[in-house]
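Novice: With my numbering applied, the sequence shown closes on residue 592, and no number is skipped along the way. Quick one: the structure is below, questions incoming.
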Amino acid sequence: MQMDGGRALIRALEEEGVEVMFGLPGGAILPVYDPIIDSSIRHVLVRHEQGAGHMAEGYAQATGRPGVAMVTSGPAATNIVTPLCDAYLDSTPLVVVTGQVPLPAIGTDAFQECDTTGITMAVTKHNFLVTEAQDIPRTVKEAFHIATTGRPGPVLVDIPKDIVDPKNPRSAMEWTGDVEMDLPGYHPRTGVDQSAIEAAADLIRTAERPILYVGGGVLKARASEVLRKLVELSGIHVVTTLMARGAFPDGHDLCLGMPGMHGNFTAVTAMQEADLLVALGARFDDRVTGRIDGFAPGAQIVHVDIDAAELGKVRRPDVAIQGDCRVAIEALVAALAAGGVGNVDRTAWRSRISGWQERFPLTYEPSAPGDRLKPQYVIEQLRDATPEDTIVTSGVGQHQMWASQYWNFEHPYTWINSGGLGTMGFSIPAAIGAKVGCPDRMVWAVDGDGCFQMTAQELVTSTVENIPIKVALLNNSYLGMVRQWQDMFYEERLSEVHLSQDVPDYKAWAESMGCVGMRVDSPEEVPAAIAKANEIDDRSVVIDFRVAADEKVFPMVPSGAANSDIVVPPSQEDQER
């Protein structure tokens, strides 16, 4: 069947099961936007290309399906570099289509030309510059295959304008239905070495102080259910990293919560004191390990990861298992079921963990009469007033840590945030993407005022496109996490962290974008405001919670310190560790 490259591109996306894409048209990609009119694919028109990328990320993290974004050349392509890098570091499957100047103009510094594939090479799993219209269907198929297999990640497809423009002879091509991929050398490994599984099972059987160190790879592998089988068979406690919150239910007796720089004391200390860490889909990130030469010094390491490059990259494992996390966990369960889980007495270890939990719970000082709201209280009230399967997104900073600490995540794929890149402004577009993917679920975006000001314009998208989300704005008038560091490590010399107490008027701004806006100043107002927001389903809601500016996130492992140097709240400083 004869068709032009633009129609072939849209049809190829349809063939991959794409139901929605996020984007913004422009000159170089314009020929592809015409066939969208007749396509089954829903297009969500964003207000900034960065928003398109983060929406695609939110969609992917919430649904497990690849997110798709399409933008034009030049500045549009550079605007989407941040989401590409964010997705690359957090192993989120994306396919991003960018327009490019016509082939004869490449290299001439044409209007809105940039070397998109060169710029994005370091922040994509792979990228393509398509030079023949006939190659479009195959390239799209390859892009989705690469993005979703092995270690997931973002793939970019750069399309010169002339091969998709029906008025240009270069765009003529023959649609042939199914096409064969041509990816020599790309052979992602999912199976696991059974001898390594048996070695890992032997270490588990003999460990006195084991911990399961669960990372985001467990979620990417859809391995939450089999993880629970492993935990309940082995009786080993679990920590879930920032990217793995919800992979194992917080309400389970063996869940210790989040480790790391702002993890809870028990999770951090249990890892430090363990004699065996079984790392499942985790990459020994510096925010988890603290100073690496002081991290879990007495622990043997079992490391399971689908990416061979992660094995030994930071900490040399005693047993390295390359392969899909679900396959590996299933094999561990089978090995332990067949050979037994061992008979080591772990009573003393469980007692130590219980003692830490009793002495060092997450805590904060409640607001005194007349004081500003405590942000932790707001998170607790949100948590208790929303359905258990509510999807929560966050920006980056103090509010992100408080949300991860004080929300109880009982289900996978209910916590969506920017981990590796730490991208401010992630929350609102990611929430919109998650809501598109899960329209029947409640979606709350927890944001800070610094983050909100970076991408709030996407609430216009939510209004115009009828994608209602709810925003809890923890507004302390500061770049809060930066201020905390300056308070603690720069002798309280506050440099360029104060935003403004009065500008903008967030309630009025929200209303101008078609949302319901509210402002809450006191603890007494919080429950009613949240209840009102939860009742509104026909538009987005923004609640400006005016929270205390000097509140700090505790516990905290100072940058460059070992996890044993964890700083606890003042009220716990005298507790025996």
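Just so it is clear, CB atoms sit at the ideal spot from N, CA and C, and this is done for glycine as well. Note that this is a predicted model, so its numbers are computed, not measured.
#1: Any idea if Met286 is buried or exposed, counting beta-carbon neighbours within 10 angstroms, 16 or more meaning buried?
#2: Quick one: is Val253 buried, meaning 16 or more other Cβ sit within 10 Å of its Cβ, or exposed?
#3: With the cut-off set at 9 Å, would you say Pro538 and Leu388 are in Cβ contact?
#4: Which residues in the same chain as Pro175 place their Cβ atom closer than 6 Å to its Cβ, once the five residues preceding and following it in sequence are excluded?
#5: Ignoring anything shorter than 4 residues, give me the alpha helix (DSSP H) runs that lie fully in the stretch 406-466, in order along the chain.
#6: Checking 9 Å against the spacing of the C-beta atoms, do Ala158 and Met188 come in under that value?
#7: Do you know whose CA, among Tyr493, Ser477, Pro444, Gly448, lies nearest Asp464's CA?
#8: Bridge partners for Ile558 per DSSP, in chain order?
#9: Exposed or buried, which one is Pro381 when buried takes at least 16 other CB atoms within 10 Å?
#10: Can you tell which of Pro50, Gly41, His69 has the C-alpha that lies nearest to the C-alpha of Ala449?
#11: On the criterion of 16 or more Cβ atoms from any shown chain inside 10 Å, does Pro46 qualify as buried, or is it exposed?
#12: Which whole runs of the alpha helix (DSSP H) in the stretch 140-186 are 4 residues long or more, in chain order?
#13: Is the distance from the Cβ of Ile336 to the Cβ of Asp208 below 9 Å?
#14: Could you check if Gln396 is buried or exposed, using at least 16 other CB atoms within 10 Å of its CB as the buried criterion?
#15: Return the CA-CA distance between Tyr48 and Leu39, expressed in angstroms with no decimal places.
#16: When the Cα atoms are used, what is the spatial distance from Thr304 to Pro274?
#17: By how many angstroms is the C-alpha of Glu72 removed from the C-alpha of Met36?
#18: Buried or exposed: Val86, going by 16 or more other Cβ atoms within 10 Å of its Cβ?
#19: Mapping DSSP to helix, strand and coil, what is Val96?
#20: Hey, would you say Ile44 sits closer than 9 Å to Ser88, going by beta carbons?
#21: For Arg361, does the three-state DSSP call read helix, strand or coil?
#22: Can you tell which of Phe560, Ile51, Val568, Ile307 has the C-alpha that lies nearest to the C-alpha of Asp502?
#23: Expressed to the nearest angstrom, what Euclidean distance is found between the alpha-carbon atoms of Arg22 and Ser186?
#24: Counting only the same chain and skipping the five closest in sequence on each side, list residues whose C-beta sits under 7 Å from that of Pro13.
#25: Any contact of the stretch 416-432 with the stretch 462-478, i.e. 3+ C-beta pairs under 8 Å?
#26: If you follow the beta strand (DSSP E) that Thr255 is in, where does it begin and where does it stop?
#27: According to DSSP, what are the bridge partners of Thr113?
#28: Report back the beta-carbon spacing between Tyr228 and Ala294 to the nearest angstrom; my notes put them in contact at under 8 Å.
#29: In terms of residues, what are the limits of the beta strand (DSSP E) holding Gln315?
#30: Which residue from Ala383, Gly66, Asp386 puts its Cα closest to that of Met469?
#31: Can you list the alpha helix (DSSP H) stretches of 4 or more residues lying completely in the stretch 214-299, in chain order?
#32: What's the gap between the Cα of Val359 and the Cα of Pro584?
#33: In this structure, does DSSP put Met503 in helix, strand or coil?
#34: DSSP on Ile551, reduced to helix/strand/coil?
#35: Sorted by chain position, which residues of the same chain lie with C-beta nearer than 6 Å to Glu403's C-beta, five sequence neighbours on each side aside?
#36: Report all residues from its chain with a CB closer than 6 Å to the CB of Gly532; omit the five preceding and five following residues, and keep chain order.
Specialist: Checking against the coordinates, here is how it stands:
#1: Indexing the sequence shown from 1 puts residue 286 at position 271. Counting the other Cβ atoms within 10 Å of the Cβ of Met286 gives 16 or more, which makes it buried.
#2: On the sequence shown, position 238 is the one that residue 253 refers to. Counting other Cβ atoms within 10 Å of its Cβ, Val253 reaches 16 or more and is therefore classed as buried.
#3: One-based indexing of the sequence shown puts residue 538 at position 523. One-based indexing of the sequence shown puts residue 388 at position 373. In this structure, Pro538 lies near Leu388, with their beta-carbon atoms less than 9 Å apart.
#4: Here the question's residue 175 lines up with position 160 in the sequence shown. Closer than 6 Å at the Cβ level, and outside the excluded window around Pro175, lie Gln115, Pro117, Leu118.
#5: Those alpha helix (DSSP H) runs which fall completely within the stretch 406-466 and span 4+ residues are 413-421, 442-452.
#6: Position 143 of the sequence shown, counted from the start, is the residue given in the question as residue 158. Position 173 of the sequence shown, counted from the start, is the residue given in the question as residue 188. Their beta carbons are not under 9 Å apart, which means Ala158 does not touch Met188 by this criterion.
#7: Position 449 of the sequence shown, counted from the first residue, corresponds to residue 464. Ranking the options by Cα distance to Asp464, first place goes to Tyr493.
#8: Residue numbering aside, residue 558 sits at position 543 when the sequence shown is read from its first letter. Ala487, Met533.
#9: To locate residue 381, count along the sequence shown from 1; it is residue 366. By the 10 Å Cβ count, Pro381 comes out exposed.
#10: If you number the sequence shown from 1, residue 449 lands on position 434. Out of Pro50, Gly41, His69, His69 has the C-alpha closest to the C-alpha of Ala449.
#11: The count along the sequence shown starts at 1 and reaches residue 46 at position 31. With 16 or more Cβ atoms within 10 Å of its Cβ, Pro46 is classed as buried.
#12: Runs of the alpha helix (DSSP H) inside the stretch 140-186: 151-163.
#13: In the sequence shown, the residue the question calls residue 336 occupies position 321. In the sequence shown, the residue the question calls residue 208 occupies position 193. Contact flag set, yes.
#14: Here residue 396 refers to the residue found at position 381 when the sequence shown is read from its first residue. Label assigned to Gln396: buried.
#15: On the sequence shown, position 33 is the one that residue 48 refers to. On the sequence shown, position 24 is the one that residue 39 refers to. Roughly 9 Å between the two C-alpha positions.
#16: The count along the sequence shown starts at 1 and reaches residue 304 at position 289. The count along the sequence shown starts at 1 and reaches residue 274 at position 259. Taking C-alpha positions only, Thr304 is separated from Pro274 by approximately 9 Å.
#17: By one-based count along the sequence shown, residue 36 stands at place 21. By one-based count along the sequence shown, residue 72 stands at place 57. Counting only the Cα atoms, Glu72 lies some 11 Å from Met36.
#18: Against the sequence shown, residue 86 aligns to sequence position 71. Buried.
#19: For the purposes of this step, residue 96 is taken as the residue at position 81 of the sequence shown. In the structure shown, Val96 adopts helical secondary structure according to DSSP, grouped into three states.
#20: To locate residue 44, count along the sequence shown from 1; it is residue 29. To locate residue 88, count along the sequence shown from 1; it is residue 73. Against a cut-off of 9 Å, the Cβ pair of Ser88 and Ile44 comes out as a contact.
#21: Within the sequence shown, numbered from 1, the residue matching residue 361 stands at position 346. Residue state for Arg361 is assigned as coil, using DSSP reduced to three classes.
#22: Residue numbering aside, residue 502 sits at position 487 when the sequence shown is read from its first letter. The option with the nearest alpha carbon to Asp502 is Val568.
#23: Position 7 of the sequence shown holds residue 22. Position 171 of the sequence shown holds residue 186. Straight-line measurement puts the Cα of Ser186 at about 10 Å from the Cα of Arg22.
#24: Given that the chain is displayed from residue 16 to residue 592, the structure contains no residue 13 and the question cannot be resolved.
#25: Taking 8 Å as the limit for Cβ pairs, the verdict is that the stretch 462-478 does not touch the stretch 416-432.
#26: For the purposes of this step, residue 255 is identified with residue 240 of the sequence shown, where counting begins at 1. Here the beta strand (DSSP E) through Thr255 covers 252-255.
#27: Position 98 of the sequence shown, counted from the first residue, corresponds to residue 113. Its beta-bridge partners are Val86, Asp173.
#28: What you label residue 228 is simply residue 213 of the sequence shown in a count that begins at 1. What you label residue 294 is simply residue 279 of the sequence shown in a count that begins at 1. Going by Cβ atoms, the distance from Tyr228 to Ala294 rounds to 4 Å, so yes, they are a contact pair.
#29: Here residue 315 refers to the residue found at position 300 of the sequence shown. Per DSSP, Gln315 belongs to the beta strand (DSSP E) from 315-320.
#30: What you label residue 469 is simply residue 454 of the sequence shown in a count that begins at 1. Looking at the Cα atoms, Gly66 is the closest of the given residues.
#31: Counting only runs of 4 or more, we get 232-235, 239-249, 280-288.
#32: The residue labelled residue 359 in the question sits at position 344 within the sequence shown. The residue labelled residue 584 in the question sits at position 569 within the sequence shown. About 35 Å.
#33: Taking the sequence shown and counting its residues from 1, one reaches residue 503 at position 488. Three-state DSSP puts Met503 in a helix.
#34: Against the sequence shown, residue 551 aligns to sequence position 536. Coil.
#35: Counting from 1 along the sequence shown, the entry for residue 403 is found at position 388. Within its own chain, the residues whose Cβ lies closer than 6 Å to the Cβ of Glu403, once the five positions on either side in sequence are excluded, are Glu425, listed in chain order.
#36: Taking the first residue of the sequence shown as 1, we reach residue 532 at position 517. In chain order, Lys522, Ala525, Glu526, Val557 place their CB closer than 6 Å to the CB of Gly532, counting only its own chain and leaving out the 5 sequence neighbours on each side.
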